[in-house]
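Visitor:
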Amino acid sequence: MAEATARPQLKSVWTAAEPLLDVRDLKVWFPIRAGLAQRTVAHVRAVDGVSLQVGQGETVGLVGESGCGKSTLGRAVLKLVEPTAGEVLYKGTSLHSRGGGAMRGLRREIAMIFQDPYASLDPRQTVGEIISEPLDIHHLYEGRTARRDRLAELLDLVGLNPRMAQRYPHEFSGGQRQRVGIARALAGEPSFIVCDEPVSALDVSIQAQIINLLEKLQQRLNLTYLFIAHDLSVVKHISNRIAVMYLGRIVEIAGSNELHRRPKHPYTASLLSAIPIPDPKIERHRQRIILTGDVPSPVNPPSGCRFRTRCFNAQDKCAQEDPPLDTVQLGDHQAACFFPVE
Amino acid sequence: MLDPTAGAIEAPVAQSIGRAGRRARGYWAESWERLYSDRIGFACGLLILLFGVLALAAPLLSAVVTHHDPVRQNLANTFALPGQFTFPLGSDELGRDTLTRLIYGARVSLLVAYLTVILALIIGGSVGMLAGYFGGWLDTVLMRVVDMVLSIPSIYLLILLTALAPRIGPVSLNPGNPYSLAVIIALVSWGSLARLVRADVLSVKERDFMLATRSLGASNWRLMSRHLLPNVLAVMVVAASLQVGAIIVTEAALDFIGLGITPPTASWGNMLSNSQVYFYHSLWLVILPGLAIFVTVLAMNVFGNTVRDAFDPRLREMR
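Going down the list, the sequences are from chains A and B.
Under numbering that gives the first Met the number 0, the first residue of the first sequence is numbered 0, with each subsequent residue one higher.
Under numbering that gives the first Met the number 0, the first residue of the second sequence is numbered 0, with each subsequent residue one higher.
1. When you check each C-beta in the region 203-223 of chain B against every C-beta of chain A, which residues fall closer than 9 Å?
2. Could one say the Cβ of B/Pro229 lies closer than 7 Å to chain A's Cβ atoms, at least one of them?
3. Ordered along the chain, which non-local residues of its own chain (more than five positions away) have a Cβ less than 7 Å from that of A/Leu134?
4. Could you list which residues in chain B have their beta carbon closer than 9 Å to that of A/Leu150, in chain order?
5. If you compare alpha carbons, which of A/Gln314, A/Asp321, A/Gly292 and A/Val27 is closest to A/Arg305?
6. DSSP three-state call for B/Asn304: helix, strand or coil?
7. So, under 8 Å CB-CB, A/Gly66 and A/Val294 are touching, yes? Tell me the CB distance rounded to an integer number of Å.
8. Take A/Gly166 and list the residues in its own chain whose beta-carbon comes closer than 8 Å to its own, dropping the five residues that flank it on each side.
9. Can you give me the start and stop residues for the beta strand (DSSP E) that A/Tyr398 sits inside?
10. So, are the CB atoms of A/Ile209 and A/Gln175 less than 7 Å apart?
11. Any residues in the region 122-146 of chain A with a beta carbon nearer than 7 Å to a beta carbon of chain B? Which ones, in chain order?
12. Where does A/Ile288 sit, in a helix, a strand or coil, going by DSSP?
13. Starting from the C-beta of B/Gln275, find all residues in its chain whose C-beta is less than 7 Å away, skip the five residues before and the five after it, and write them out in chain order.
14. If we count Cβ pairs, one from each stretch, closer than 8 Å, do we get three or more for the region 254-270 of chain A versus the region 88-95 of chain A?
15. What are the boundary residues of the alpha helix (DSSP H) that includes B/Met142?
16. Buried or exposed for A/Gly292, please, with buried defined as at least 16 other CB atoms from any protein chain shown within 10 angstroms of its CB.
17. Which residues in chain A have a C-beta closer than 7 Å to the C-beta of B/His226? List them in chain order.
18. Output the distance between the C-alpha atoms of A/Ala207 and A/Gln319, rounded to the nearest integer angstrom.
19. Quick check on B/Ala185: buried or exposed, where buried means 16 or more other Cβ atoms within 10 Å of its Cβ?
20. Using only CA atoms, which one of A/Arg107, A/Asn160 and A/Ile237 lies nearest to A/Pro197?
21. Counting only Cβ-Cβ distances shorter than 8 Å, please list the residues of the region 247-266 of chain A near chain B, keeping chain order.
22. Please list the partners that A/Ala16 has in chain B, where partner means a Cβ-to-Cβ separation under 9 Å.
23. Cβ closer than 7 Å: which chain B residues qualify as neighbours of A/Asp115?
24. Compare the C-beta of A/Ala118 with all C-beta atoms of chain B and state if any pair is closer than 7 Å.
25. Cβ closer than 7 Å: which chain B residues qualify as neighbours of A/Arg103?
26. Between which two residues does the beta strand (DSSP E) containing A/Ser50 stretch?
27. Which same chain residues end up closer than 6 Å to B/Gly20 when comparing Cβ atoms and leaving out the 5 residues on each side of it in sequence?
28. Looking at chain B, is there any beta carbon in it that lies within less than 7 Å of the beta carbon of A/Arg106?
29. For B/Arg95 and B/Val70, I'd like the C-alpha separation in whole angstroms.
30. Quick one: what does DSSP say B/Leu314 is sitting in, helix, strand or coil?
31. Nearest to A/Asp202 by CA position, among A/Leu225, A/Cys317 and A/Ser172, is which residue?
32. Out of B/Glu29, B/Asp37, B/Arg307 and B/Ile260, which one is the CA nearest neighbour of B/Thr161?
33. Which residues, taken in chain order from the region 72-85 of chain A, show a beta carbon closer than 7 Å to some beta carbon of chain B?
34. Please state if the CB of B/Val187 and the CB of B/Leu156 are separated by a distance shorter than 7 Å.
35. Does the pairing of the region 216-225 of chain B with the region 104-118 of chain B give three or more beta-carbon distances under 8 Å?
36. Using only CA atoms, which one of B/Tyr103, B/Ala238, B/Leu88 and B/Asn73 lies nearest to B/Gly51?
Structural data, given as structure tokens:
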């Protein structure tokens, strides 16, 4: 029992100075099959060459529109989808070199909070059963009392009454359910949590509660977050750094304040201009950058820069060459653009 | 829009819940409540239960109430008319009491029906879950087998199986006894259940909670037994309750054509088959077992519909 409870042995050469999570040129392509023989006719390039580092204790925000591959990236970090190319290193060890046993240990280290608090909880289980599932899977307790105490502790940690453990998810509000999802993610004592749009499905007033809860938990439990959202204003508050994704690529990455103050990529600039300002006088004179057209298909992305079809700064060079992320490099502010916004 | 100064916001949420510790009413409790509130359907359920109890108590009833043995002949009292004290529902050409034989027949019919459904659920449920959950070549192979089972007219397959009485290992499937007959009918009727379960598994396995549980490190076995099965169980219960009626008819049909339960053991099917000769002479001998089948199957179907309404998830959403 003691052996099972022990933390999985991770590669010892890793030090806290190195990134906790290191995503290297990750590609996740989903095949499109057609015809009787189900031949692969094309690929959806959900994630198409992403590199990203997340340091211990840091929160990295990941923003982008629907379908830009941000959720797929989050899932690849948990090995819920298999990468087509590239690798994900956690504490210096590749996820993909891990066998079944080591991977199970890793499932405790990395947890995930899901977007939809209705769909992500099994409707046939009580909240107590849902939250203690990681405890059962990884044998994290000895005896019924220890299990019950741990469950009460987890519920308390996320601001739920421990007496609610007997209830079913449908008896809870969206915010409460999301707390249940957070408690489940915390049960295995993870050090890294992928938050996949944890507040997008909630009312604005509840969003603030959940974000504050996540921040409080981060300080208390020394957590590292990869925080996925489609709303820059949500991410700004909680993130140390923000990465902006467009069509399977990171187009700009910078410190949270830096990105908001000096966006370099036209796409980031247009996203920022869409945030309403809570002051009617300023709001009236707010300059908006309205993008034209739709996001191109990730099956067949545009040549050169992927954003050029909707970009207000696009020139001939953009169609011919693919700008790497370090085209603009100002300290740790990077943007993949030949003609950045000033 | 997000106010970082809003500090202690957890407290009101946690405290505002009154009666937090009460035992929750789960999905099954709610379904039961809906089942209970449908008067006609629930009455049909009770009727089926009553038939079940009568069938179980058959030896007791024959000894205490009817004072007849189901197979002992009484050639002095053949073709007794219904309504007499000694033969409440009359007697047949060999002087056997019709009421006693009907009660014993219920034993056979209901035993075969329930056993068949349970076996079909086990076979069809497993095949459907495996095919739907794992997908790929396993899905293809299993579903082609299902297609094959479903593409052969079931009555033909049944006749073939009962006529050949195949051996499975040391067990010979002699259709003359109800257990073998149940196995044979189950072997023919699990296909549609497998399809239903597979379809439901396909939709359930894509839901976020399955992914969430996998991300916690749950094994396939855990995912299937703890999460998939409870979520497809409703479909299985509904399909099974609707199938019971059809199986009673199938069993009666096999008895009728002489391939099922062998006389003198009474079953509703062979009572019908036996009495067809006396159609013009003693109509009640035909009507009574026919009526027994009719009432049971009707009650089963109405009850099955009620069960479906009570468990249907779409109805749940609308409330």
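Backbone N, C-alpha and C define an ideal beta-carbon position, used for all residues, glycine too.
Guide: On the basis of the supplied data:
1. Within the region 203-223 of chain B, the residues whose Cβ lies closer than 9 Å to some Cβ of chain A are Arg206, Asp207, Phe208, Met209, Leu210, Ala211, Thr212, Arg213, Ser214, Leu215, Gly216, Ala217, Ser218 and Arg221, listed in chain order.
2. Contact of B/Pro229 with chain A is assigned, a C-beta pair being separated by under 7 Å.
3. Correct list, in chain order: Tyr140, Arg146, Arg149 and Ala186.
4. Chain-ordered listing is empty here: chain B has no CB closer than 9 Å to the CB of A/Leu150, the nearest sitting near 14 Å.
5. Of A/Gln314, A/Asp321, A/Gly292 and A/Val27, the residue nearest in Cα terms is A/Asp321.
6. In the three-state reduction of the DSSP assignment, B/Asn304 falls in the helix class, which pools H, G and I.
7. Contact holds; Cβ gap of about 6 Å.
8. The sequence shown places Arg at residue 166 of chain A, not Gly. Exclusion of the five residues before and after A/Arg166 leaves Thr125 and Val126 as the residues of its chain whose Cβ lies within less than 8 Å of its Cβ.
9. Missing from the structure shown is residue 398 of chain A; chain A here goes from 0 to 341 and no further.
10. Taking 7 Å as the Cβ cut-off, A/Ile209 and A/Gln175 do not qualify as a contacting pair.
11. Listed by position, the residues of the region 122-146 of chain A near chain B (Cβ gap below 7 Å) are Pro122, Arg123, Thr125, Glu132, Pro133, Ile136 and His137.
12. When DSSP states are grouped into helix, strand and coil, A/Ile288 belongs to the coil group.
13. Answer for B/Gln275: Val285, listed in chain order.
14. Taking 8 Å as the limit for Cβ pairs, the verdict is that the region 88-95 of chain A does not touch the region 254-270 of chain A.
15. Counting along the chain, the alpha helix (DSSP H) containing B/Met142 begins and ends at Gly135 to Ser150.
16. Label assigned to A/Gly292: exposed.
17. For B/His226, the neighbours in chain A by C-beta distance under 7 Å run, in chain order, Asp121.
18. One C-alpha to the other measures close to 44 Å.
19. Only buried fits B/Ala185, as 16 or more other CB atoms lie within 10 angstroms of its CB.
20. Comparing alpha-carbon positions, the option among A/Arg107, A/Asn160 and A/Ile237 lying closest to A/Pro197 turns out to be A/Ile237.
21. Interface annotation for the region 247-266 of chain A against chain B: empty, criterion Cβ-Cβ distance under 8 Å.
22. In chain order: nothing, as chain B lies at least about 28 Å away.
23. Proximity of chain B to A/Asp115 at the Cβ level (cut-off 7 Å) is accounted for by Asp207, in chain order.
24. Taking Cβ atoms only, chain B reaches closer than 7 Å to A/Ala118, which makes this a yes.
25. Correct list: Gly216.
26. It spans Arg38 to Val53 - the beta strand (DSSP E) in which A/Ser50 sits, taken as one unbroken run.
27. Because the pLDDT at B/Gly20 is just 45, under 50, the model does not fix this residue reliably, and the point stays unresolved.
28. Yes - at least one Cβ of chain B is within 7 Å of the one on A/Arg106.
29. If you draw a straight line from the Cα of B/Arg95 to the Cα of B/Val70, it is about 7 Å long.
30. Because the pLDDT at B/Leu314 is just 46, under 50, the model does not fix this residue reliably, and the value given afterwards should be weighed accordingly. In the displayed model, B/Leu314 falls within a helix according to three-state DSSP.
31. Of A/Leu225, A/Cys317 and A/Ser172, the residue nearest in Cα terms is A/Ser172.
32. Ranking B/Glu29, B/Asp37, B/Arg307 and B/Ile260 by Cα distance to B/Thr161 puts B/Ile260 first.
33. Listed in sequence order: Leu77 and Leu79.
34. Against a cut-off of 7 Å, the Cβ pair of B/Val187 and B/Leu156 comes out as a contact.
35. As far as the Cβ criterion goes, the region 216-225 of chain B does not touch the region 104-118 of chain B, which means the pair count is below three.
36. Checked all of B/Tyr103, B/Ala238, B/Leu88 and B/Asn73; the closest Cα to B/Gly51 is B/Tyr103.
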